[in-house]
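Residue numbers (UniProt numbering): 1 to 201.
For glycine and all other residues, C-beta sits at the position ideal for the given N, C-alpha and C.
Just so we're clear, the structure is a prediction, and the values are computed from it rather than from any experiment.
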Amino acid sequence: MIVRSWRPGDAEAVHRICVATGDAGEPVHPILADPNLVAYVFADPYVLLQPELAFVAESGGAVLGYVVAALHTEEFYARWQLEWSPRFAATHPASSRVNARNADSQLRAFLHRPRLMLPPHLDSYPSHLHINLLAQARRQGAGRRLMHAVFGQLARAGSPGVQLGVRVSNTRAQAFYRATGMIRLASHDRSEVRFGLPLNG
Numbered sequence: 001m002i003v004r005s006w007r008p009g010d011a012e013a014v015h016r017i018c019v020a021t022g023d024a025g026e027p028v029h030p031i032l033a034d035p036n037l038v039a040y041v042f043a044d045p046y047v048l049l050q051p052e053l054a055f056v057a058e059s060g061g062a063v064l065g066y067v068v069a070a071l072h073t074e075e076f077y078a079r080w081q082l083e084w085s086p087r088f089a090a091t092h093p094a095s096s097r098v099n100a101r102n103a104d105s106q107l108r109a110f111l112h113r114p115r116l117m118l119p120p121h122l123d124s125y126p127s128h129l130h131i132n133l134l135a136q137a138r139r140q141g142a143g144r145r146l147m148h149a150v151f152g153q154l155a156r157a158g159s160p161g162v163q164l165g166v167r168v169s170n171t172r173a174q175a176f177y178r179a180t181g182m183i184r185l186a187s188h189d190r191s192e193v194r195f196g197l198p199l200n201g
């Protein structure tokens with residue numbers, strides 16, 4: 001298993017892995033009418049807008065996992081709305097009403113209004129990331145190596161800190177983030193736990 005920088009030829013694999021693991025490590029098909037939405041929000045815009053902050057885990061020529069990140073969350077979401085959202089104006093039009101109980105509705109809202117996802121603590125942790133691995137790539141050190149690769153790249157780019165959110169029920173992921181050195185951050189959202197890591201400190 002090797003960890004390397006993302007290449008344009010990895011785009012399809014990253015999208016596919018996001019769809020296959022986007023529900024706390026499980027496929028999103030049971031919870032989304034349009035499974036591609038999860039990748040349109042949590043994977044594809046990152047490799048388009050900040051490919052230098054994307055890394056993949058590869059074995060035998062196959063991509064089995066990835067990490068993507070945004071250096072400055074607010075600036076990234078501003079670019080997203082200008083450069084990414086318009087691509088979906090016809091196929092996934094924005095809705096004026098968001099059904100909080102419908103995952104497709106929520107993701108369509110995020111697709112067009114990414115600032116709905118703005119997290120707290122941006123002064124100390126302006127960067128954020130997403131990581132996904134297929135089952136066969138887990139418990140082999142690939143996840144930790146992906147995290148440290150993006151931590152290093154963010155630090156070199158001058159970020160003071162990076163953060164992420166994870167579902168409250170996903171205790172396995174929470175243990176993994178703690179093992180990478182991340183610390184739990186305060187959050188008013190009862191549905192998720194936020195973790196952060198100071199960089200350049």
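Here residue 131 carries a strand assignment [DSSP, helix/strand/coil]. In summary, residue 143 is buried, with 16 or more beta-carbon neighbours lying within 10 Å of its beta-carbon over all protein chains present.
The continuous stretches of beta strand (DSSP E) do not include residue 181, and DSSP gives it neither H nor E.
Bridge pairing for residue 197: 162 [DSSP]. Rounded to whole angstroms, the Cβ separation of residue 146 and residue 76 is 19 Å, and the two are not in contact under 8 Å.
CA-CA distance, residue 64 to residue 12, rounds to 12 Å. Note that the C-beta distance between residue 191 and residue 172 is not below 9 Å. By the criterion of a C-beta distance shorter than 8 Å, residue 69 is surrounded in its chain by 46, 50, 53, 54, 127, 128, 129, 130, 150, 153, 154, 162, once the five residues flanking it on both sides are discounted.
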